[in-house]
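Chains as they are written, first to last, in the working numbering: chain Z, 205 to 462; chain S, 306 to 552.
Cβ coordinates follow ideal geometry from the N, Cα and C atoms, glycine included.
Here the structure is a predicted model, which is why all the values come from computation and not from measurement.
Take a look at the structure below.
Structure representation (C-alpha cells):
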C-alpha cells in the first residue's frame with residue numbers, strides 16, 4: 205500500500221531586496237511514493253532543497269503546487285516524528301533526559317508516573333540506555349540525539365523524518381548511531397525519510413536512495429539498495445555497495461556535472 | 306570563597322586605616338573604620354535601627370513584587386505577539402529612558418506622601434526592567450524548540466507554557482536580579498527625597514544633615530551590605546532554578 209504520496213511538488217521562496225522581488229525555486233515537480241515501513245534516504249548537493257522537501261512533507265511548510273498525502277491525509281493531520289540535526293536546540297535543557305523523551309506523552313496529558321513508566325518500557329524494549337536523571341547538557345552529543353530519536357518513537361509517528369541527524373556528531377559516534385537507528389528500525393519498522401549529505405550513510409541505511417539535483421531539487425534517479433537486513437558496517441566494503449555507490453556518483457555527475 | 310577575593314577588600318580596609326590614623330583626610334569626612342564599626346554595633350541596640358531596615362526592606366519587597374506582577378506578564382505578552390511588540394516597543398523604550406527621580410514629583414502628586422508613592426515609584430522602575438528582560442527572553446528563545454513542540458501537536462497554550470515560558474526564564478531571572486538592585490537604589494532615593502521618618506535612606510540623610518558622619522558611614526555600609534546580600538541570594542537561587550542557563 206502506498207503510505208506517502210508526493211505529487212507534483214513545487215516550492216519557491218520569494219524575498220525582496222530594495223523593493224525588487226526575487227524568486228528562488230527550491231523544489232521542481234517532485235513525485236515520490238513511499239511504502240509503509242520503508243527507509244528512504246535523500247542525497248543531493250548542499251542547499252539543493254533537501255530540507256525544504258522534508259519540511260513540506262512533514263507539513264511544516266506549504267507547497268506552492270502539488271500535494272503530500274500520508275495515508276490519504278494531509279501531513280498536518282498525520283503524526284510526524286521529526287528529528288533535527290541540532291539536538292542541542294531540539295531538546296529541552298530544563299528537563300531531565302527521561303522527561304525529554306516523555307515530552308510527547310506530557311503533551312497528551314499522560315500522568316508523570318505513567319509516562320516515565322512507558323518511557324522506561326520503550327527504552328528497555330529498544331535496549332537503549334539513557335542517563336535518565338541527567339540533563340541534556342550533562343550528556344554527550346550522541347546520548348542527546350539518541351534521546352531525541354527515542355522521543356520521536358514514543359510519539360508513535362506515522363512517519364519518521366530525519367534531517368541530517370548525525371551531522372554534528374564525531375565520526376565514531378556517527379557509526380554507533382547509525383547502528384542504533386538500524387536496530388531500532390528493525391524492531392519497530394517505521395517509515396523513515398532521512399536526509400543525508402554523506403553518500404555512504406545514505407546508501408548504508410536505505411531501502412531506496414533518492415538522488416536530487418542541485419537547486420531547484422528534482423529527482424535525478426531513485427536507486428534501490430538490495431543489501432539484506434540486518435545491515436552491519438562491513439557491508440560498505442562489499443561489491444554490491446561499491447557498485448551502488450559508483451552508480452549513484454555517475455548519475456550525479458551526469459546531472460550536476462561534478 | 307576563594308582567598309584571592311579577600312585581598313582587595315583587606316587592602317582597601319588597610320588603606321582606610323592608614324589614611325585615618327595619619328589624619329591624611331579630615332576625620333570629619335572620613336572617620337576611622339573602627340569608629341564606624343563601633344557605631345554600627347551600637348546601632349544594633351536601638352529599635353529604630355531595625356525599624357529603618359525593616360521599612361526599607363518592606364518598601365523594596367512591595368515595589369519589587371508589584372514590579373514582577375506587572376512586568377512578567379506584560380513582558381511575556383509583548384515578547385509573544387509581534388504586533389503588540391511593534392505597538393508598544395517605542396513607548397516602553399521611552400518610559401525606561403525617563404530618569405526615575407524626575408518622576409518623584411508626579412508620583413507624590415498622584416499617590417501622596419505616604420507609603421503608596423514610594424512603593425509605586427519602585428514598582429515603576431522594577432517593572433520596566435523586568436518587562437524588557439522577559440520580553441527579550443521570549444523573543445530570543447530557540448525557535449527550534451517551539452517547532453519541536455508544534456510537530457508533536459502541542460496546542461498553542463502548551464507551546465507557550467511548556468516551551469516559550471521556560472525558554473524565557475534565564476533572561477527573566479537576569480531581569481529580576483537587576484531590578485532588585487535598581488529597586489534598592491530607588492527605595493533609598495525615595496526615602497531621601499519623598500519624605501518619610503523611617504528608612505535607611507532617611508537615616509543616611511539625617512546623619513549627614515547633623516554631621517554625624519560615622520553614623521552616616523555605618524548606614525551606607527549597611528545599605529550596601531543589604532544590596533550585596535540580596536544579590537548573592539538571588540544568584541544562588543538562580544543557579545538552582547535555572548541550572549541549564551549558559552550550558
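Span of the alpha helix (DSSP H) around residue i
{"i": "residue 358 (chain S)", "result": "352-385"}
{"i": "residue 350 (chain Z)", "result": "345-358"}
{"i": "residue 481 (chain S)", "result": "470-498"}
{"i": "residue 506 (chain S)", "result": "505-514"}
{"i": "residue 347 (chain S)", "result": "338-348"}
{"i": "residue 447 (chain Z)", "result": "443-460"}
{"i": "residue 261 (chain Z)", "result": "254-261"}
{"i": "residue 429 (chain Z)", "result": "No alpha helix (DSSP H) contains residue 429 (chain Z), which DSSP labels as neither H nor E."}
{"i": "residue 275 (chain Z)", "result": "That residue, residue 275 (chain Z), is in no alpha helix (DSSP H); it is neither H nor E in DSSP."}
{"i": "residue 341 (chain Z)", "result": "Note, residue 341 (chain Z): premise wrong, no alpha helix (DSSP H); not H, not E."}
Close-in-space but distant-in-sequence residues of the same chain around residue i (CB under 6 Å, 5 per side omitted)
{"i": "residue 504 (chain S)", "result": "357, 360, 361 and 496"}
{"i": "residue 519 (chain S)", "result": "336, 340, 341 and 344"}
{"i": "residue 440 (chain S)", "result": "380, 383 and 384"}
{"i": "residue 375 (chain S)", "result": "432"}
{"i": "residue 460 (chain Z)", "result": "418"}
{"i": "residue 506 (chain S)", "result": "493, 496 and 497"}
{"i": "residue 388 (chain Z)", "result": "330"}
{"i": "residue 501 (chain S)", "result": "507"}
{"i": "residue 444 (chain Z)", "result": "431"}
Contact under 7 Å by Cβ, residue i with residue j
{"i": "residue 366 (chain Z)", "j": "residue 305 (chain Z)", "result": "no"}
{"i": "residue 442 (chain S)", "j": "residue 477 (chain S)", "result": "yes"}
{"i": "residue 420 (chain Z)", "j": "residue 230 (chain Z)", "result": "yes"}
{"i": "residue 282 (chain Z)", "j": "residue 362 (chain Z)", "result": "yes"}
{"i": "residue 352 (chain Z)", "j": "residue 364 (chain Z)", "result": "no"}
{"i": "residue 449 (chain S)", "j": "residue 294 (chain Z)", "result": "yes"}
{"i": "residue 439 (chain Z)", "j": "residue 448 (chain Z)", "result": "no"}
{"i": "residue 214 (chain Z)", "j": "residue 251 (chain Z)", "result": "no"}
{"i": "residue 455 (chain Z)", "j": "residue 415 (chain Z)", "result": "yes"}
{"i": "residue 547 (chain S)", "j": "residue 474 (chain S)", "result": "yes"}
{"i": "residue 300 (chain Z)", "j": "residue 359 (chain Z)", "result": "no"}
{"i": "residue 272 (chain Z)", "j": "residue 228 (chain Z)", "result": "no"}
{"i": "residue 267 (chain Z)", "j": "residue 549 (chain S)", "result": "no"}
{"i": "residue 434 (chain Z)", "j": "residue 406 (chain Z)", "result": "no"}
{"i": "residue 242 (chain Z)", "j": "residue 395 (chain Z)", "result": "yes"}
{"i": "residue 451 (chain S)", "j": "residue 464 (chain S)", "result": "yes"}
As assigned by DSSP and simplified to three states, the class of residue i
{"i": "residue 536 (chain S)", "result": "helix"}
{"i": "residue 406 (chain S)", "result": "helix"}
{"i": "residue 368 (chain Z)", "result": "coil"}
{"i": "residue 237 (chain Z)", "result": "strand"}
{"i": "residue 270 (chain Z)", "result": "strand"}
{"i": "residue 436 (chain Z)", "result": "coil"}
{"i": "residue 336 (chain Z)", "result": "coil"}
{"i": "residue 322 (chain Z)", "result": "helix"}
{"i": "residue 410 (chain Z)", "result": "coil"}
{"i": "residue 230 (chain Z)", "result": "strand"}
{"i": "residue 422 (chain Z)", "result": "coil"}
{"i": "residue 447 (chain S)", "result": "coil"}
{"i": "residue 313 (chain Z)", "result": "coil"}
{"i": "residue 541 (chain S)", "result": "helix"}
{"i": "residue 310 (chain S)", "result": "helix"}
{"i": "residue 416 (chain Z)", "result": "strand"}
{"i": "residue 331 (chain Z)", "result": "coil"}
{"i": "residue 363 (chain Z)", "result": "strand"}
{"i": "residue 330 (chain S)", "result": "coil"}
Residue i: first and last residue of the uninterrupted beta strand (DSSP E) it sits in
{"i": "residue 437 (chain S)", "result": "First-last for residue 437 (chain S): 420-444, but that is the alpha helix (DSSP H), not the beta strand (DSSP E)."}
{"i": "residue 215 (chain Z)", "result": "206-221"}
{"i": "residue 380 (chain Z)", "result": "Residue 380 (chain Z) -> not in any beta strand (DSSP E); alpha helix (DSSP H) instead, spanning 375-392."}
{"i": "residue 286 (chain Z)", "result": "284-287"}
{"i": "residue 246 (chain Z)", "result": "243-247"}
{"i": "residue 396 (chain Z)", "result": "395-400"}
Contact list for residue i against chain A, beta-carbon separation under 8 Å
{"i": "residue 341 (chain Z)", "result": "Within the model displayed, chain A is absent; protein chains Z and S are what it includes."}
Cβ shell of residue i (< 7 Å), same chain only, five flanking positions each side left out
{"i": "residue 463 (chain Z)", "result": "Summary: the structure shown does not reach residue 463 (chain Z), with chain Z confined to residues 205 through 462, and so no result is reported for it."}
{"i": "residue 513 (chain S)", "result": "521"}
{"i": "residue 319 (chain Z)", "result": "306, 309 and 310"}
{"i": "residue 451 (chain Z)", "result": "427"}
8 Å Cβ shell around residue i - same chain, five flanking residues per side excluded
{"i": "residue 424 (chain S)", "result": "364, 367, 368 and 371"}
{"i": "residue 350 (chain Z)", "result": "332, 334, 381 and 384"}
{"i": "residue 206 (chain Z)", "result": "237, 238 and 239"}
{"i": "residue 423 (chain Z)", "result": "234, 235, 236, 414, 415, 416 and 417"}
{"i": "residue 333 (chain S)", "result": "516 and 518"}
{"i": "residue 326 (chain S)", "result": "337"}
Cβ contact check for the region 432-442 of chain S and the region 387-400 of chain S: 3 or more pairs under 8 Å:
yes
Is it a yes or a no for the region 392-404 of chain Z touching the region 239-252 of chain Z, going by three-plus beta-carbon pairs under 8 Å?
yes
Taking 8 Å as the threshold, find out whether the region 453-470 of chain S comes into contact with the region 311-319 of chain Z through three or more Cβ pairs.
yes
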